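Asks:
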Ligand code: C5P
């Protein structure tokens with residue numbers, strides 16, 4: 185049986201990918217299935233937490249029992265939803281793959297191809313929801329966890345990027361995944377490292393996303409205020 189160590193706690197988990205609309209029929213998106221975030225939400229509920237799951241676009245996944253689902257299709261919608269639900273939360277885990285860029289403007293009509301001109305795509309950066317939450321956390325002592333999907337062949341590269349990202353974003357914990365062909369996205373299993381702001385580093389061996397979720401909550405619970 186799972187420990188009930190999240191009893192009386194409220195946690196927020198984001199999951200899935202955002203889509204940034206280009207015109208009435210097209211968007212910029214990514215391959216996130218939402219499975220890791222859904223597993224985090226399910227395990228937290230099983231461990232007794234009240235869970236708000238902020239979901240972007242996902243594979244066809246069932247909402248875990250006892251979890252409050254809020255849908256947020258774009259980065260802007262996800263920022264609003266995460267900020268609102270994080271207000272009183274003990275922990276926030278940003279497992280969603282949020283688009284880093286969005287089109288400068290949303291075309292009202294379908295974008296047409298034009299001769300030899302380059303594609304008329306102008307992008308602007310989205311706000312970093314995770315970094316913003318760390319900056320103005322509504323609740324001192326709130327534990328904030330980020331994810332980092334890093335490409336790179338050498339384990340050292342992936343860890344190096346992860347450590348730099350943890351420092352840049354300022355969150356308490358960062359889950360680093362090596363991504364690429366058949367790794368992390370659209371797969372049932374996952375592996376990586378869990379890096380802590382206080383210098384801690386543990387390897388998360390290949391296993392189900394539920395198992396990884398358990399390991400992540402194991403690291404969060406002792407840090408809760
Ligand atoms: O910088 P990068 O996109 O690799 O960071 C990944 C982490 O930051 C994830 O936890 C993701 O949910 C979060 N993120 C965010 N807002 C963005 C981009 C990423 O919260 N605009």
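In full-length UniProt numbering, the protein residues as written are 185 to 409.
Glycine residues also receive a C-beta, built at the ideal position from the N, C-alpha and C atoms.
Just so it is clear, the structure is predicted and the values come from calculations on it, not from any experiment.
(1) I'd like to confirm something about residue 311: is its beta-carbon nearer than 7 Å to some heavy atom of the ligand C5P, or not?
(2) State the beta-bridge partners of residue 234 as determined by DSSP.
(3) So, with DSSP's three-state summary, where would you put residue 409?
(4) Would residue 332 and residue 360 be called neighbours here (beta carbons separated by less than 8 Å)?
(5) So, helix, strand or coil for residue 358, using DSSP?
(6) Taking the CB atoms as reference points, tell me whether residue 201 and residue 281 lie closer together than 8 Å.
(7) Does the beta-carbon of residue 282, which I'm using as the reference point, lie nearer than 7 Å to any heavy atom of the ligand C5P?
(8) Against chain C, with Cβ distances strictly below 8 Å, would residue 359 count as a contact?
(9) With a threshold of 7 Å (Cβ to nearest heavy atom), would residue 472 be considered close to the ligand C5P?
(10) Sort out for me which residues DSSP pairs residue 331 with in a bridge.
(11) What's the gap between the Cα of residue 267 and the Cα of residue 299?
(12) May I ask you to check if the CB of residue 396 is nearer than 7 Å to at least one heavy atom of the ligand C5P?
(13) Could you check the C-alpha separation between residue 247 and residue 347 for me, to the nearest Å?
(14) To the nearest angstrom, how far is it from the Cα of residue 353 to the Cα of residue 313?
(15) Between the Cα of residue 327 and the Cα atoms of 409, 376 and 363, which residue gives the shortest distance?
(16) Under a Cβ-count criterion, where at least 16 other Cβ atoms within 10 Å of its own Cβ denotes burial, should residue 309 be classed as buried or exposed?
Replies: Let me spell this out:
(1) yes
(2) 194
(3) coil
(4) yes
(5) strand
(6) yes
(7) yes
(8) Within the model displayed, chain C is absent; a lone protein chain is all it includes.
(9) With the chain represented from 185 up to 409, any question about residue 472 goes unanswered, as that position is not in the structure.
(10) 359
(11) 44 Å
(12) no
(13) 32 Å
(14) 10 Å
(15) 409
(16) exposed
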